[in-house]
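Residues -20 to -1, 1 to 258, numbered by mature numbering (1 follows the signal peptide of the UniProt record, and there is no 0), are exactly what the sequence shown covers, in order. Think of the CB as a built atom: it goes at the ideal place given N, C-alpha and C, for glycine as much as any other residue. Okay, so here's the structure we're looking at.
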Amino acid sequence: MLGAQLLVLTVGVLAAVAEAAGTCPSIENNVDYSGADVGSARSSSANGCCSICSSTNGCGAFTWTNYNGGTCWLKQSKGTAKTSNGAVSAVLQTASAAGTCPSLENNVDYSGADVGSVPSSSANGCCSICSKTNGCGAFTWTNYNGGTCWLKQSKGTGKASNGAISGVVQSSSSSSATCPSLENNVDYSGADVGSAQSANANGCCSICSNNNACGAFTWTSYNGGTCWLKSSKGSSKASSGSISSTVQKSTQPSTPTSPSSVDPATTQYSLSAFAIGF
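Here it is in structure tokens:
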């Protein structure tokens, strides 16, 4: 549960934001969903984890324990359930409308931009799974392990891959945003709610708009390009090469989009929050 990628997330703002509302109808007591962590958040009880998970991109399930006064361990998916005294777990059911995937591409892999993976015996199931997963806008299906949906933020780069099937999800409603004022050589210090990889600053606007807790960002060239997602602008300071902006969000019919520049499909993707010295 405390894997190397697990990063602690402070969620005072997340608990208050319920735009991506979800329900958790089936709570499992004394059960831990092992692995597939995308972050953690403090909550004094398991009830708070459902709202926190629904407001966190890539989260589809959680396990709550009394660690450190109460902690939600946010998961990509249910994964393997095991007995754990005192643990409370549940799968999130999102309230978003189902999406459609009008154009499946055979023998094509959408490289990178992963937000999780879920078993499915066929590619057809991936469309519904993606449309109900926060932060997912596309997928690639392969026959790995009996059939697996590799969930993506966006289409990214398509490449030939024998047997792979890929598609973009068109939902009836999604968040769109504008970033009218990019500030060059400026860092918005603190207020971090997550990070995501993007080759350039323009991609951060879409990524931030699809994260309910995000209201601003700073982009740097770290690790090939990284968006440091912020709850708000906070304090500005000079930082050579950094690019920052606030995000103006709106809701309108559209196809979910966001840039891609992360590791291949076999790599887990995390949007858990942390401070890195900004």
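Taking the Cα positions, Gly138 is about 39 Å away from Gly28.
Judged by DSSP in its simplified three-state form, Gly115 adopts coil rather than helix or strand. A residue is called buried when at least 16 other Cβ atoms come within 10 angstroms of its Cβ; Asn191 meets this threshold and is buried. Cβ-Cβ separation between Trp53 and Val68: approximately 11 Å, too far for a contact (criterion under 8 Å).
Ser34 sits in a helix when the DSSP states are folded into three classes. Ranked by how close their Cα comes to the Cα of Val227, the residues Asn182, Lys217, Ser189, Gly40 have Ser189 in first place.
Under the DSSP assignment, Ser219 falls in the beta strand (DSSP E) whose first and last residues are 215 to 226. Between Gly214 and Ala171 the beta-carbon gap is near 4 Å, inside 8 Å, which marks them as a contact. Beta-bridge annotation (DSSP): Tyr168 is paired with Ser216. Judged by DSSP secondary structure, Asn87 falls within the beta strand (DSSP E) whose first and last residues are 85 to 91.
The DSSP-derived three-state label of Gly28 is helix. Asn48 carries a helical assignment under DSSP once its states are collapsed to helix, strand and coil. In this structure, DSSP gives Gly66 an extended state, which the three-state scheme calls strand. Where Ile145 is concerned, the enclosing beta strand (DSSP E) starts and stops at 137 to 148.
Around the C-beta of Lys135, 16 or more other C-beta atoms lie within 10 Å, and the residue is accordingly described as buried. In the displayed model, Cys106 falls within a helix according to three-state DSSP. Inter-residue distance for Phe42 and Ala176 is about 21 Å (C-alpha atoms, whole angstroms). Taken atom to atom, the span from the alpha-carbon of Ser216 to that of Asn182 is near 19 Å.
With fewer than 16 other beta carbons inside 10 angstroms of its own, Gly49 counts as exposed.
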